[in-house]
Each structure stands twice: as structure tokens, then as C-alpha cells.
Amino acid sequence: MSPKECRGRTTRAERDVRGEYKVPGGKLVAVDVETHTGSSGDVIASAAVSGDFFLEPDDALELIDAALVGRPTDASVADLARAVQAALDTAPYDVALVGFDAESVAIAVRRALGHATGWQDHVFEVVHEVAQTPAMHMALDQALAESVGRGDRGPTLRIWEWERPAVVIGSFQSLRNEVDAEGAERHGVTVVRRISGGGAMFIEPGNTITYSLTVPASLVEGLSFERSYAFLDDWVLGALADVGVEATYQPLNDIASTKGKIGGAAQKRMADGTVLHHVTMSYDIDADKMVEVLRIGREKLSDKGTKSANKRVDPVRSQTGLPREEVIEAFKKHFAGRYRTVPGEVTPKERERAEELVRTKFDTPEWTARVP
């Protein structure tokens, strides 16, 4: 039976499941899937892909549907994407996919089959508490990620407030190569190391917007690291647009506008699959002080197309004219407008765990200088 015939005989009510995936910067891909159990296990009996994407020629949609039929229901994203791409590559005509690709179809199928979740499958806690020390912020990230992994809390958006100036270096960066110790001491800057990779961030209270998004593995199931960065950053691009900033995601982990870089993301996938994704944006910045504290080399600046660190980061304040507090509230409002949220807080158990991590890890020279 052809996909067209399957589609004609199977009504939406008869289909078992539906999955959706919004491509960051692209289009929505949806798929209705019906399964059955055969001699070799559960397989996809019919699939109907739809969405607001563009596809030429029209008949290629039948090729995509047919490529999914007969595939095991536990097939991975990679396996499903290969099947779809192979069908398109062997078509007797050229196929153009705009706003989506074979992998996004596969992700939608995995969601339909219950192997992955979407944003709307979760209720997010939004935590915005008083200022914390740099070491405590590092510890809270780990403690809350552990809590999400255990199922003690749902996915969480945590807005940071900084108690003092800081430099946060990536898990694998060299301390002496990234930080000018004399400059940091002169300006009263505390240096800490986070558990995620990526580059160093210069922080001043009141001049920085930082948040962590901690989610279960199911939300990014099947996504490559690069795709998951774009996926988890997509909401904040909309939030920036709400305050008048036209921003885009720049692979691998930058958020930029036409006037310059706004901020950067870093990510850690815990052993249990939980994803910690945190972003730091410059609301305002003392660029001269930053270059006295950070050793920003010419090579790093050259691949960004600029000779000056002052020109690399364009603060949010200059583009919005809004107080930092209003920008953060606009971010929270946008997030709550897109997803289901509830007010949240750090629990006593999580606070106790974070304090332990400060003492034994994040406030120790052994951790901070683990890569000298």
C-alpha cells in the first residue's frame, strides 16, 4: 500500500501518535505515526509528515513517508534520518528541502513514538533568587542538575544574580592562560571554574544577564551538540526581539546581533543525560577592565573579524535603553508565554548539596587550577 493510500484510509483519529519538532531558525515538522507489532517486533505501519516547511517537488513528501514505513519503533534518530535521506538521494528527480531536513523529520518521529519529549510536555520551574557568590552559582548549577536527573524537580530556568565581580572559566581552560592574576586581584575579581566547557566570561554585578536552563535528556534526545545549542537558545532570541534586539544564534555557542556579539552559551551533559545549558549576556560592560583581567589573545580576536575586544561585545543596554531588571522580567514573561511555568525555588536539600560542593570543589584551589 502506498503512503498516499495509507493516508487516505487512515483518519487522524485512528493514528496512534503525533510528534512535532520546531527547527531552530526554521520550520515546524510534524508527523502522525501508526504502529503495529509484527514477527520482528514493533514497526511503523504508516507515517504522514506535515508542517509549514517548503518541499519541491510535492511528490517528495510521499518518498519521506514511505521511507519511514517498516522502520522499527526503537530506531534511532540517525537511523531514521539515514532512511529518509537515502530515499531522497535516490529519487528520480532533484529534491529541495527548505526550513527542515531529514534529521528534523527523524526527531519528530522519535517524539511521536515517546522516545523524546517536547517543550510542551514539561512544566518548567522558574527560579530567580537573591545574589549568590560565584562559587555558589557554580555549585547550584551542579546541584540542580543532579536534582533534575533524579526526578526530584522538573526542568528549571534559573536566573542568576551576582554578589561580586567574577571571571568564570570553562572546565578545560588553562587558568594562567585565560586570567591575568594581577589584573583580577587589582579589580577585586573572583575567579571560578564551571563544570561546562567553553570560554571565559567576565562578570560584573548589574552588568550581566546570566541564566541556566536545566532539562532532562528526553528534551534533546537525538539532537547533536550543535543542534541542541540552537534548540535551547531559540526562546531567548524571541525574548531579545521583545525588547528590540534582533539576535541570531551563531554556531557553536554565540548569540549575536548585527551590532556585535551579545553573549555566549555553554553546556554540560551529565552522566545520566541531564543537560545543563547556561548563557551569559552582557547588559553593559567595562571593556577596558575586561581586557586587563582576561588574556584575550590576538588569534582569538582575529577569527571574529575584529582587532579590539571592545568591539566584540555589544551590551544589551545600548540596544534596548531599558534597565536590566526590565530586560530580565521581559525574558521571564516571554518564557512563560511560550511554555508552561511555575514559580520555583532552591530547596533546602539542594542548598545543602550546593554548600557542600562549594566547600569541597568550587571554592578550592585544586578545582580552580585543575588546568594550571
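The sequence shown: position 149 = 149 (full-length UniProt numbering), numbered continuously. Note that beta-carbon positions come from the ideal geometry of N, C-alpha and C, so glycine has one too. Just so you know, these numbers come straight off a predicted model, no measurement behind them.
Exclusion of the five residues before and after Pro251 leaves Glu226, Tyr229, Ala230 as the residues of its chain whose Cβ lies within less than 8 Å of its Cβ. Taking one beta carbon from each stretch, the stretch 51 to 67 and the stretch 129 to 142 have fewer than 3 pairs nearer than 8 Å; the two do not touch.
Counting along the chain, Gly263 sits inside the beta strand (DSSP E) bounded by residues 260 to 269. Leaving aside the five residues that flank Gly198 on each side, the residues in its chain whose CB is nearer than 7 Å to its CB run, in chain order, Gly170, Asn253, Gly264, Ala266. Contact between the stretch 288 to 297 and the stretch 339 to 351 is absent: fewer than three C-beta pairs spanning the two stretches fall below 8 Å.
Note that the stretch 179 to 195 does not touch the stretch 214 to 223; fewer than 3 beta-carbon pairs, one per stretch, sit closer than 8 Å. Cβ contact annotation for Leu175 (same chain, cutoff 8 Å, sequence separation greater than five): Ile169, Val191, Arg193, Thr368, Ala369, Val371, Pro372, in chain order.
Distance from Ala330 to Asp242 at the Cβ level is roughly 5 Å; contact confirmed, criterion being Cβ atoms closer than 8 Å.
In the three-state reduction of the DSSP assignment, Phe231 falls in the helix class. Note that the C-beta distance between Pro72 and Val43 is below 9 Å.
Ala135 is positioned such that its CB atom lies no closer than 9 Å to that of Val167.
The residues Ala139, Gln142, Ala143, in chain order, have a CB closer than 7 Å to that of Leu357 in the same chain once the five nearest residues on each side in sequence are set aside.
Membership of Ile107 in the alpha helix (DSSP H) is indicated by the continuous run 102 to 112. The alpha-carbon of Asn177 is positioned some 7 Å away from that of Arg295.
In the assembly as shown, Pro205 is an exposed residue. Its beta-carbon has fewer than 16 other beta-carbons within 10 Å. Spatial neighbours of Val327 in its own chain (CB-CB distance under 7 Å, excluding positions within 5 residues in sequence) are listed in chain order as Ile209, Val243, Tyr283, Val316, Thr320. At least 9 Å separates the beta-carbon of Ser196 from that of His122. In this structure Val179 is buried. Its beta-carbon is surrounded by 16 or more other beta-carbon atoms within 10 angstroms.
Burial state of Thr258 is exposed, judged by a 10 Å Cβ sphere holding fewer than 16 other Cβ atoms. In this structure, Val33 sits near Ala47, with a CB-CB distance shorter than 9 Å.
Between Leu68 and Val105, the C-beta spacing is below 9 Å. Listed in chain order, the non-local C-beta contacts of Trp160 below 6 Å within the same chain comprise His137, Thr210, local neighbours out to five positions each way being set aside. Gly99 and Arg153 have their C-alpha atoms some 34 Å from each other. Using a Cβ distance threshold of 9 Å, Gly222 and Arg82 do not count as a contacting pair. In the displayed model, Glu146 falls within a helix according to three-state DSSP.
Ala66 is positioned such that its CB atom lies closer than 9 Å to that of Ala87. In the assembly as shown, Gly41 is an exposed residue. Its beta-carbon has fewer than 16 other beta-carbons within 10 Å. For Phe335, no beta strand (DSSP E) encloses it; the enclosing alpha helix (DSSP H) starts and ends at 324 to 338.
Distances from the CA of Glu163 to each of Val77, Asn207, Leu80, Ala96 were compared; the closest alpha carbon is that of Asn207.
Inter-residue distance for Gln85 and Asp233 is about 27 Å (C-alpha atoms, whole angstroms). Scanning its chain for C-beta atoms nearer than 6 Å, with the 5 sequence neighbours on each side dropped, one finds around Ala239 the residues Phe331, His334, in chain order.
The beta carbons of Glu125 and Thr156 sit about 5 Å from each other, so the pair counts as a contact at 8 Å. Collapsing the DSSP output to three states places Gln173 in coil. As the crow flies, the alpha-carbon of Ala116 is around 43 Å from that of Asp286. The alpha-carbon separation between Val236 and Ser39 amounts to approximately 47 Å. Within the DSSP bridge table, the entry for Ala200 names no partner.
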